[in-house]
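Asker: Residue numbers (our numbering): 417 to 709.
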Ligand SMILES: Cc1ccnnc1
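(1) Determine the burial state of residue 417: buried for a count of at least 16 other Cβ atoms within 10 Å of its Cβ, exposed for fewer.
(2) State yes or no: is the C-beta of residue 435 nearer than 6 Å to some heavy atom of ligand 1?
(3) For the region 495–502 and the region 418–428, state whether three or more C-beta atom pairs, one from each stretch, are separated by less than 8 Å.
(4) What are the start and end residues of each continuous beta strand (DSSP E) run of 3 or more residues lying completely inside the region 499–552, in chain order?
(5) Helix, strand or coil for residue 702 per DSSP?
(6) Hey, out of 512, 522, 571, whose CA is closest to residue 700's CA?
(7) Using the three-state DSSP reduction, which class does residue 573 fall into: helix, strand or coil?
(8) Taking three-plus beta-carbon pairs below 8 Å as touching, is the region 639–647 in contact with the region 591–610?
(9) Can residue 482 and residue 579 be called in contact, C-beta distance under 7 Å?
(10) Would you mind sorting residue 557 into buried or exposed? The rule is 16 or more other CB atoms within 10 Å of its CB.
(11) Residues in its own chain within less than 6 Å of residue 432 by CB, not counting five upstream and five downstream?
(12) Is the CB-CB distance between residue 574 and residue 493 below 7 Å?
(13) On the DSSP letters alone, give me the boundaries of the alpha helix (DSSP H) that residue 478 sits inside.
(14) For residue 657, count neighbouring C-beta atoms within 10 Å of its own C-beta (all shown protein chains included) and say buried if the count is 16 or more, exposed if not.
(15) Return the residue from the list 576, 611, 544, 631 that minimises the CA-CA distance to residue 685.
(16) Taking the beta strand (DSSP E) that residue 619 falls in, what are its first and last residues?
(17) Does the count of Cβ pairs from the region 664–680 and the region 615–630 closer than 8 Å reach three?
(18) Would you call the region 506–524 in contact with the region 644–658, where contact means no fewer than 3 C-beta pairs closer than 8 Å?
(19) Taking only heavy atoms of ligand 1 into account, decide whether any of them is closer than 6 Å to the Cβ of residue 512.
(20) Would you kindly work out how many angstroms separate the C-alpha atoms of residue 564 and residue 449, rounded to a whole number?
(21) I'd like the span of the alpha helix (DSSP H) that includes residue 603, first residue to last.
(22) Any idea what DSSP makes of residue 446, helix, strand or coil?
(23) I need the boundaries of the alpha helix (DSSP H) containing residue 664, first residue and last residue.
(24) In terms of residues, what are the limits of the alpha helix (DSSP H) holding residue 680?
(25) Is it right to say residue 569 is buried, meaning 16 or more other beta carbons lie within 10 angstroms of its own, or is it exposed?
(26) Within 10 Å of its beta-carbon, does residue 538 have 16 or more other beta-carbons around it, so buried, or fewer, so exposed?
See below:
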């Protein structure tokens, strides 16, 4: 996709903020020509190499390239257009209104295993698609999983700002995601890999079924120590009602050795990840059909 230098505001009406991150603000917008709604992600461009504000163009280009490669999948946010207005690069993304999975959990403290397993199934379909394209998300966490609508379990993965194409040649080491979800290899600045996402899936699953976080300490350093020591328990206070299958699923992901960690493909066949219900299967087929048209 080329970055259009057409004035963004001449083609879109811009409305309220619907999200914001370290270097980006997301606003609901309407395309004048079609009246379709989208999410406009304004990413500030770094003007001077030494500045800490904004992102360098090559980092922004990486997110655009990854989205372009991935986005025809019903569990990945889709990219409609890209603008460059001088100060910002504006990604025009599919609008997803169901809120973050994170909020959904906080309202509920924890989810039933059926609901957690259905969400995980969707997340794993998206992660499988990324990994089959040699792309690692590297910042998977409940905030980056959006619900298509409140009462549905159809989810979309967003924010590919830290994602990379993982090639054996390029050893990516210079990365730090969110302490609670980072894998031991990130803390130890060892080469990252697709398995790094699977560790995060293990942490997300632990949180979805128990409402507590496996490695969270009182400081970032304490959290990192817990992660590298793989120091976690299924505290009976939170796990008394949790099935052995759910614990087995988590145990196979929170493994220090990346070669022994379950892959996305393997995790889809784990008995805790229920096969999709007929209704979900049909909903997914419809969503995919819409994506392809
Ligand atoms: C926050 C957000 C991002 C992308 N699409 N919809 C909402």
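Each residue gets a CB set at the ideal place from its N, CA and C atoms; glycine is no exception. Computed from a prediction, not measured in an experiment: that's the story for all the values here.
Answerer: On the basis of the supplied data:
(1) exposed
(2) yes
(3) yes
(4) 504–510
(5) helix
(6) 571
(7) strand
(8) yes
(9) yes
(10) buried
(11) 444
(12) yes
(13) 473–486
(14) exposed
(15) 544
(16) No beta strand (DSSP E) contains residue 619, which is instead part of the alpha helix (DSSP H) from 611–626.
(17) yes
(18) no
(19) yes
(20) 24 Å
(21) 600–603
(22) strand
(23) 660–667
(24) 680–684
(25) buried
(26) buried
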